[in-house]
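Asker: Numbered by UniProt numbering, the letters in the sequence shown go through residues 1 to 356 in order.
We treat Cβ as the ideally placed atom computed from N, Cα and C, and that holds for glycine.
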Amino acid sequence: MNLFEAVGRLGHEQVVFFHHRESGLRCVIAIHNTALGPALGGLRMWPYANEADAVRDVLKHSADMTHKAALAGLNLGGAKGVLIGNPETDKSEALFRALGRFIQSLGGRYITTEDVGTNAEDMELIRQETRHVVGVPQLVGGSGDPSRFTALGTLHGIRACMEFKLGHADLRRTSFAVQGAGQVGYHLAKSLRAAGAKVFITDINEERIEHAVAEFGAEAVPMSHIYDVEADVFSPCALSAVINEDTVPRLRCRIVAGGANNQLESEELGTELDRRGILYAPDYAINAGGLMNSAIELEGYNEDRALRSVARIHDIISRILTLAARNNIPTWQAARRLAEERITALSRIKLPYGGR
Ligand code: NAD
């Protein structure tokens with residue numbers, strides 16, 4: 001892969017490779033943009049088939065984080081880290097502490113947090129070497145597991161979508177097809193049921209479905225049928241790229257709104273949903289609750305502040321939907337426009353002579 005061509009195209013500021021032979025550390029951190037503040041992004045641990053895949057992943061996801069933080073109204077830039085290795089077998093105290101030292105050497109330009117393959121305990125190890133980490137357990141003063149807040153933010157965003165598309169936000173009159181009963185899907189489906197919604201749910205893990213059925217009365221659906229369910233809202237909470245050429249013609253919903261990252265296989269499919277009259281809630285806008293929660297840790301964690309911050313997702317989604325409708329553009333384009341407008345406006349607020 002031509003690294004400088006990719007970095008130039010996506011507009012990254014800095015890409016750092018960390019290597020530490022003794023602990024087996026192989027890590028790439030991509031800092032995409034720090035116009036709004038230090039760049040925050042999760043640390044993914046994955047047994048990548050080759051290094052080029054790892055670099056491609058980190059470059060793409062770090063650029064997405066810039067838009068996510070900007071839309072969420074945070075004073076943060078976008079970044080991502082990938083740790084090459086198997087999270088089941090390759091973790092050690094030395095690995096995360098070596099990484100913590102490297103992160104410290106970036107002087108706060110990069111702030112790490114958990115992601116696929118890493119957890120709050122890993123962040124606690126990193127925290128022993130650097131302050132530039134969030135998502136450490138609540139027990140030690142951190143914000144803990146972000147998934148409850150991701151689910152809550154998604155629910156706020158869903159309400160905004162319902163008001164816009166269905167003309168009401170009454171969950172008792174609304175049905176949902178939830179894909180994934182993991183951390184985000186479980187919390188979301190449970191809240192939807194508690195508010196009186198009808199919930200169909202699926203997961204590759206039978207036990208998780210059984211749990212959702214027994215605990216809060218969701219209706220189980222076979223994995224392959226989730227796209228065909230006649231429900232008002234399809235809520236992807238499991239995998240990436242589930243909105244693709246095979247699934248779009250099958251959708252029977254009026255709204256796609258869920259917590260999963262990178263739901264669209266390509267942006268054109270977001271345009272295609274729009275053409276079919278299906279409202280798509282841009283994933284990085286609606287699932288920013290976990291990020292908002294973790295960001296509060298930087299100023300001293302307080303759950304009430306986190307809840308207040310996450311509730312803003314309702315208005316963020318409403319603004320996106322209004323802009324899209326007014327300009328007759330798909331919602332994914334409206335979300336990007338709003339994010340870029342904020343970055344540009346705040347990049348220009350340099351104080352006059354004498355200021356800093
Ligand atoms: P998770 O691993 O806890 O849950 C994912 C669930 O999806 C698991 O239960 C898994 O068995 C299930 N699954 C896997 N393949 C499936 C398939 N083919 N069909 C149906 N279910 C399948 O992960 P999570 O933390 O709940 O994250 C879910 C999604 O939300 C991911 O895309 C993640 O990137 C995104 N996300 C999560 C957070 C967060 O705070 N956890 C924040 C932002 C975005």
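Buried or exposed, going by whether 16 or more other CB atoms sit within 10 Å of the CB of Ala49?
Answerer: Ala49 should be labelled exposed.
Asker: Using the C-alpha atoms, what's the distance from Arg97 back to Ile29?
Answerer: Whole-angstrom Cα-Cα distance: 16 Å.
Asker: Measure the C-alpha to C-alpha separation of Asn293 and Leu74 and round it to an integer number of angstroms.
Answerer: So the two alpha carbons sit approximately 11 Å from each other.
Asker: Can you tell me whether Thr113 is helix, strand or coil according to DSSP?
Answerer: Strand at Thr113.
Asker: Cβ of Ile316 within 8 Å of Cβ of Leu71?
Answerer: Cβ atoms of Ile316 and Leu71: closer than 8 Å.
Asker: Kindly list the residues whose CB is nearer than 6 Å to the CB of Gln183, restricted to its own chain and excluding five residues on each side of it in sequence; keep chain order.
Answerer: Answer for Gln183: Ser147, listed in chain order.
Asker: Starting from the C-beta of residue 428, find all residues in its chain whose C-beta is less than 6 Å away, skip the five residues before and the five after it, and write them out in chain order.
Answerer: Summary: the structure shown does not reach residue 428, with the chain confined to residues 1 through 356, and so no result is reported for it.
Asker: Helix, strand or coil for Arg250 per DSSP?
Answerer: Correct three-state label for Arg250: helix.
Asker: Out of curiosity, what's the CA-to-CA distance linking Ala79 and Ile103?
Answerer: Rounded to the nearest angstrom, the two C-alpha atoms are 12 Å apart.
Asker: Kindly give me the distance between the Cβ atoms of Met45 and Gly117, rounded to whole angstroms, as I take these residues to be in contact under 8 Å.
Answerer: Yes, they are in contact, since the Cβ atoms of Met45 and Gly117 sit about 3 Å apart, within 8 Å.
Asker: Any heavy atom of the ligand NAD within a distance shorter than 7 Å of the CB on Leu239?
Answerer: Under cutoff, so the answer is yes.
Asker: In the DSSP assignment, find the beta strand (DSSP E) that holds His20 and state where it starts and stops.
Answerer: Start and end: 14-20.
Asker: Taking Arg56 as the reference, which of Leu40, His19, Gly24, His12 has the closest Cα?
Answerer: If we check each option's Cα against that of Arg56, His12 comes out closest.
Asker: Pick out whichever of Leu125, His32, Arg193 has its Cα sitting closest to the Cα of Lys68.
Answerer: Per the Cα distances, His32.
Asker: Can you give me the Cβ contacts of Lys60 inside the same chain, cut-off strictly under 8 Å, excluding the 5 residues immediately before and after it?
Answerer: Closer than 8 Å at the Cβ level, and outside the excluded window around Lys60, lie Leu10.
Asker: Is there contact between the stretch 185-192 and the stretch 147-157, where contact requires at least three CB pairs shorter than 8 Å?
Answerer: Yes, since at least three Cβ pairs between the stretch 185-192 and the stretch 147-157 fall closer than 8 Å, the two stretches touch.
Asker: Near Phe17, what residues of its chain come up, given a Cβ to Cβ distance below 7 Å and the 5 sequence neighbours on each side ignored?
Answerer: The residues are Val28.
Asker: For Asn262, which residues from the same chain have a beta carbon less than 7 Å from its beta carbon, with the 5 sequence-adjacent residues on both sides left out?
Answerer: Result list for Asn262: Ser240, Ala241, Asp283, in chain order.
Asker: Our contact map puts Thr331 next to Ala324 with C-beta atoms below 8 Å; I'd like the distance itself, whole angstroms only.
Answerer: That belief holds up - the Cβ atoms of Thr331 and Ala324 are roughly 5 Å apart, short of 8 Å.
Asker: In terms of residues, what are the limits of the alpha helix (DSSP H) holding Met65?
Answerer: Start and end: 51-71.
Asker: Restricting to Cα atoms, I'd like to know which of Arg21, Phe200, Pro137, Ala35 is closest to Leu76.
Answerer: When only C-alpha atoms are compared, the closest one is Ala35.
Asker: Assign Lys198 to one of three DSSP states: helix, strand, or coil.
Answerer: Correct three-state label for Lys198: strand.
Asker: Let me make sure I understand the geometry here. Which of Leu83, Val248, Ala63, Leu291 has the alpha-carbon closest to that of Thr154?
Answerer: Nearest option by C-alpha distance: Leu291.
Asker: Spell out the partners DSSP gives Lys165 in its beta bridges.
Answerer: Per DSSP, none; premise fails for Lys165.
Asker: With which residues is Gly277 paired in a DSSP beta bridge?
Answerer: In the DSSP output, where bridge partners are listed per residue, Gly277 has none listed.
Asker: Verify the contact flag: Gly144, CB atom, against every heavy atom of the ligand NAD, threshold strictly below 7 Å.
Answerer: No, the ligand NAD has no heavy atom inside 7 Å of this Cβ.
Asker: Tell whether a beta-carbon distance below 8 Å holds between Ala54 and Val15.
Answerer: For Ala54 and Val15, no; Cβs fall outside 8 Å.
Asker: Can we count Val58 as close to the ligand NAD, meaning its CB is less than 7 Å from some heavy atom?
Answerer: Checking the Cβ of Val58 against the ligand NAD gives no.
Asker: With DSSP collapsed to three states, give me the class of Gly78.
Answerer: The answer is strand: DSSP assigns Gly78 an E or B state.
Asker: Examine the ligand NAD and report whether any of its heavy atoms sits within less than 7 Å of the Cβ of Ile204.
Answerer: The answer is yes for Ile204.
Asker: Got a sec: does the ligand NAD put a non-hydrogen atom nearer than 7 Å to the Cβ of Ser147?
Answerer: Yes, the ligand NAD has a heavy atom inside 7 Å of this Cβ.
Asker: Tell me the DSSP bridge mates of Phe176?
Answerer: Answer is Val199, Val233.
Asker: Is His187 helix, strand or coil by DSSP?
Answerer: Helix.
Asker: DSSP state of Asn33, grouped into three classes?
Answerer: Strand at Asn33.
Asker: State yes or no: is the C-beta of Ser62 within less than 8 Å of the C-beta of Gly41?
Answerer: Yes. Within cutoff.
Asker: Please go through the same chain and pick out, in chain order, the residues whose beta-carbon is closer than 7 Å to the beta-carbon of Ile209, but skip the five residues on each side of it.
Answerer: So the qualifying residues of the chain are Ala181, Ile201, Thr202, Asp203, Ala220.
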